[in-house]
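Chains as they are written, first to last, in this note's numbering: chain A, -3 to 325; chain B, 2 to 47; chain C, 5 to 563.
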């Protein structure tokens, strides 16, 4: 599954609709295999699309909603009944064929929309924020079902979402969008662990971003030395960064420790400014000496005694989890 | 089916909503066999 | 505790007053005609009146002709109305914006004036026939107007914009992704229109169609001006106004009861239908308009241009007639004069003065009664508010003809202490206007009230504002535009009101539409036309004010 991820208004839905054929591109081209499809109308592209608000026709039953596309192809009604029946089974809605969309729950409507997209045996499945209208609990179960179904069918799937957690769990690869441009494409783990721009680092998960200048590059030890307002810090080596370049260091809260005894790590001094108890972790806001807030997690709050606000602490994190990004990206 | 998008641009009025986007989505991208570990290896699919 | 009771009591008292008004001036008169229709001279229950009506071949024929006229008008207005609505919403072609004003036309063309205008241009001695005779040597004039064909023409031109507006409103609320989803599975062009788009606009269409049907069915002025008497509504008018004998008078009441029954049945049916088929999404979404090809685009312009031309015939007609002296047997007047305007304004100013006075009073009462009604419906759980809501819809559907007759019948008893019946006092005219036009004010206020989230009021209460204070400081500034538009709309339609008031007008109380009707019937066509022009100008001014305040969206007022 390929995911288009980005904040609202970043152009991801527009791109999906260009692939679907609801928009015609002004420049460039879209190809399916080797065929240019720029001007091919949606129904001749062999796509199935699930709309954000499902777009189920309220005046038709579930069965008719799914069967409509088949009827337009003038398929014999016995065949239609069979195909609709089997796709309804696939999405586990076997008995609801004669209901109207208004009588279904959100999760059920979602599955009808999916069934309607799948019944025409599309080569490509396009999903436009299909989970955004569902409750959190249902969202997780539908998410798993979509993933399972897509794997079973093995069709190329493009998924649009603004929810990074959804994107990370569902996708094989993710394209991160901002302001109409693709910033980075890669598997979830690569995006999370090796962001290549400030936007991606900031948008996916939580990152402490520290501006600095490259002091020295050491390809042999795979490290960079960076001068920052918080002192000199070591970061992962990047072939594109050279001494004198401005850069941004990214450190995830879960990779930082407070008052840790281990040596050979980056270490910064600060004071506890705030503590947020999240259940599975405790997140401290540490105010560094130059005023920046640095977030650091305690991963086992059960066995941790909370520091009062104002306590002087040191924050440490290994160079191997400190990512450097060129300053202009 | 493989989807290729090349230098795609779409404008609404004066606003360029999508500009010069290029990437390819491979057929094998989502094959039933592709598990998370394989997908996590950098550039396995590109 | 004390404060709460103090502030509640006047509110409850006001609510009681509103209900008193509705009971006395809506429910009571309607009940009264039903009582009359279902009793004999002695006051016992009987169906004899209806039996007599449905066995009398003349009434029966009138009934069927009215039905047929209604159905055919619904058909013609549907075809034109739907075509115009779809062209304007979905397609792009030259002058599209200009043509979108088509939907506003009926508001500046009072129905009665419309009939006259058509007669001046298309009548036996009208411009078109004279031209045909002059140019093509036509021996006998073509009868465009006098008869059912004329009634159909006038009603169609008058009512298709109502249909267009209902469809426009419904269409604007259809979620475009529903159509895209159909496009995605291969539904194209007409097929998609028939299977998806049209069914989704049915709720709007149905309410539009019902209003068209009821209007046509109950309109007596148009047929009478065009010499058609064997329809139900003209019969009701003639029976009541001529008052030949008790039996015939009672038949007028039976007809008016029939009109009310019809309206009630339709409103209930429509409510049921719309309730189960409410497809509208709240989002008014943008749709990319389709560019028409070179041939189709000029066909669209041609169609709409012709339509607009026909719509403007009446305006041109009354304007020419109002300034033409001795206009006969020539395509256009030979001599021009302003004497008719002088005659109907300076010499006898009563038409204009009465109109402004009565409609102004009605406007005030609409505000005083309608805004609290909207507030009760939108913001409280007061008992009876659903009934109130249903009643407003019903009033919208009840024909003026029926209401006028009901008032004649219900308020002709001498009031205690003053010994004059209400029908003998001029205040009855503003009163009947209020009842007729109240729904516009209520609807507009209610819909703008619904846009103001209640939490804004709660936030004010939270910082210590009393209910009244909150209403005045928070609610009113946010909704006054909606109220203003609704009230002005009530005012415009009051100015044009010619059905209910004609039954109730006595000497000295004549308003403009009454003047137009009586002048025309008496043969003083030019005076009638001059009054018509004045009415058009007044309405146009009000509409301009509405537009300045509200932009163009006034669609939600109907249906």
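C-beta atoms are modelled at their ideal positions from N, C-alpha and C, and glycine is treated no differently.
Model, not experiment: these values are computed from the prediction.
Would the beta-carbon of residue i be found less than 8 Å away from any heavy atom of the ligand SAM?
{"i": "residue 204 of chain A", "result": "In the structure on display, the ligand SAM does not appear, and there are no ligands present to speak of."}
Indicate whether at least one CB of chain C lies closer than 9 Å to the CB of residue i.
{"i": "residue 65 of chain A", "result": "yes"}
{"i": "residue 289 of chain A", "result": "no"}
{"i": "residue 120 of chain A", "result": "no"}
{"i": "residue 95 of chain A", "result": "no"}
{"i": "residue 112 of chain A", "result": "yes"}
Give me the chain A residues within the contact set of residue i, using Cβ-Cβ distance strictly less than 7 Å, ordered along the chain.
{"i": "residue 189 of chain C", "result": "39, 64, 65, 68 and 116"}
{"i": "residue 203 of chain C", "result": "55"}
{"i": "residue 200 of chain C", "result": "53"}
So, is the C-beta of residue i closer than 9 Å to a C-beta in chain A?
{"i": "residue 391 of chain C", "result": "no"}
{"i": "residue 286 of chain C", "result": "Low confidence applies to residue 286 of chain C: its pLDDT is 44, below 50, so where it sits in the model is not reliable, and the reading given next is rough at best. With 9 Å as the cut-off, residue 286 of chain C does not count as an interface residue toward chain A."}
{"i": "residue 192 of chain C", "result": "yes"}
{"i": "residue 195 of chain C", "result": "yes"}
{"i": "residue 405 of chain C", "result": "no"}
Using a C-beta to C-beta distance shorter than 7 Å, which residues of chain B count as neighbours of residue i?
{"i": "residue 10 of chain A", "result": "11, 18 and 19"}
{"i": "residue 248 of chain A", "result": "Here the premise fails: no neighbours, minimum Cβ distance about 17 Å."}
{"i": "residue 171 of chain A", "result": "24"}
{"i": "residue 236 of chain A", "result": "The contacting residues do not exist; residue 236 of chain A stays about 16 Å from chain B at best."}
{"i": "residue 232 of chain A", "result": "Going along chain B, no residue has its Cβ under 7 Å from residue 232 of chain A, so there is no contact; the nearest lies around 14 Å."}
Report the neighbours of residue i on chain B: residues whose CB is nearer than 9 Å to its CB, in chain order.
{"i": "residue 410 of chain A", "result": "Shown here, chain A extends from -3 to 325; a query on residue 410 of chain A therefore has no answer."}
{"i": "residue 321 of chain A", "result": "Neighbours of residue 321 of chain A on chain B: none; closest Cβ ~16 Å, over 9 Å."}
{"i": "residue 81 of chain A", "result": "Under the 9 Å cutoff, chain B gives no residues; its nearest Cβ is about 24 Å from residue 81 of chain A."}
{"i": "residue 46 of chain A", "result": "Per Cβ cutoff of 9 Å: no residues; residue 46 of chain A is ~16 Å from chain B at best."}
Short of 6 Å in beta carbon distance, which residues of its chain neighbour residue i, apart from the five on each side in sequence? Order them along the chain.
{"i": "residue 96 of chain C", "result": "293 and 295"}
{"i": "residue 303 of chain A", "result": "268"}
{"i": "residue 343 of chain A", "result": "In the structure as shown, chain A begins at -3 and stops at 325. Residue 343 of chain A is therefore absent and cannot be evaluated."}
{"i": "residue 308 of chain C", "result": "103"}
Please compile the residues from chain C whose C-beta is within a distance smaller than 7 Å of the C-beta of residue i.
{"i": "residue 71 of chain A", "result": "Those do not exist, as residue 71 of chain A stays about 12 Å from chain C at its closest Cβ, beyond 7 Å."}
{"i": "residue 49 of chain A", "result": "179 and 181"}
{"i": "residue 18 of chain A", "result": "184"}
Return the chain-ordered list of same chain residues with a C-beta closer than 7 Å to the C-beta of residue i, the five sequence neighbours on each side being excluded.
{"i": "residue 297 of chain A", "result": "273, 277 and 278"}
{"i": "residue 449 of chain C", "result": "374, 375, 378, 483, 486, 487 and 490"}
{"i": "residue 22 of chain B", "result": "6 and 9"}
{"i": "residue 34 of chain C", "result": "264 and 410"}
{"i": "residue 171 of chain C", "result": "85, 86, 89, 205, 208, 209 and 212"}
What residues of chain C sit near residue i, judged by a beta carbon separation below 8 Å?
{"i": "residue 43 of chain A", "result": "188"}
In chain order, what residues of the same chain lie with their CB nearer than 8 Å to the CB of residue i, ignoring the 5 residues before and after it?
{"i": "residue 18 of chain C", "result": "376"}
{"i": "residue 288 of chain C", "result": "For residue 288 of chain C, the predicted model reports a pLDDT of 46, less than 50, meaning its position is unreliable and no value from the coordinates is stated."}
{"i": "residue 18 of chain A", "result": "38"}
Contact criterion: CB-CB distance below 9 Å. Does residue i meet it with respect to chain B?
{"i": "residue 314 of chain A", "result": "no"}
{"i": "residue 266 of chain A", "result": "no"}
{"i": "residue 27 of chain A", "result": "yes"}
{"i": "residue 139 of chain A", "result": "no"}
{"i": "residue 303 of chain A", "result": "no"}
{"i": "residue 7 of chain A", "result": "yes"}
Taking Cβ-Cβ distances shorter than 8 Å, what residues in chain B pair up with residue i?
{"i": "residue 22 of chain A", "result": "10, 11 and 12"}
{"i": "residue 15 of chain A", "result": "4 and 6"}
With a threshold of 9 Å between beta-carbons, can residue i be considered close to chain E, or not?
{"i": "residue 206 of chain C", "result": "Of the protein chains in this structure, namely A, B and C, none is chain E."}
Practice task
Starting from the N-terminal side, write out each stretch of the alpha helix (DSSP H) that is 4 residues or longer and does not extend beyond the segment 130 to 192 of chain C.
Solution key: The segment 130 to 192 of chain C contains these whole alpha helix (DSSP H) runs: 131 to 140, 152 to 176 and 180 to 188.
Problem - Sequence ranges, beta strand (DSSP E) only - wholly within the segment 250 to 302 of chain A, length at least 3 - result: The DSSP assignment places 262 to 273, 278 to 284 and 289 to 294 as complete runs of the beta strand (DSSP E) inside the segment 250 to 302 of chain A, in order along the chain (cut-off: 3 residues).
Practice task
Starting from the N-terminal side, write out each stretch of the alpha helix (DSSP H) that is 4 residues or longer and does not extend beyond the segment 408 to 489 of chain C.
Solution key: Contiguous alpha helix (DSSP H) elements confined to the segment 408 to 489 of chain C occur at 432 to 455, 458 to 466 and 471 to 474, taking only those with 4 or more residues.
Problem - Ranges of the alpha helix (DSSP H) found wholly within the segment 132 to 163 of chain A, counting only runs of at least 4 - result: DSSP runs (the alpha helix (DSSP H)) wholly in the segment 132 to 163 of chain A: 132 to 149.
Handout entry: 3-residue-minimum beta strand (DSSP E) runs that sit fully inside the segment 195 to 250 of chain A, ordered along the chain
Key = Restricted to the segment 195 to 250 of chain A, the beta strand (DSSP E) segments that are unbroken, complete and at least 3 residues in length are 204 to 214, 219 to 224, 227 to 232 and 242 to 247, listed in chain order.
Handout entry: Length-filtered (4 minimum) alpha helix (DSSP H) runs lying within the segment 87 to 130 of chain A
Key = Positions of the alpha helix (DSSP H) runs, each at least 4 residues long and wholly inside the segment 87 to 130 of chain A, are given as 102 to 114 in order along the chain.
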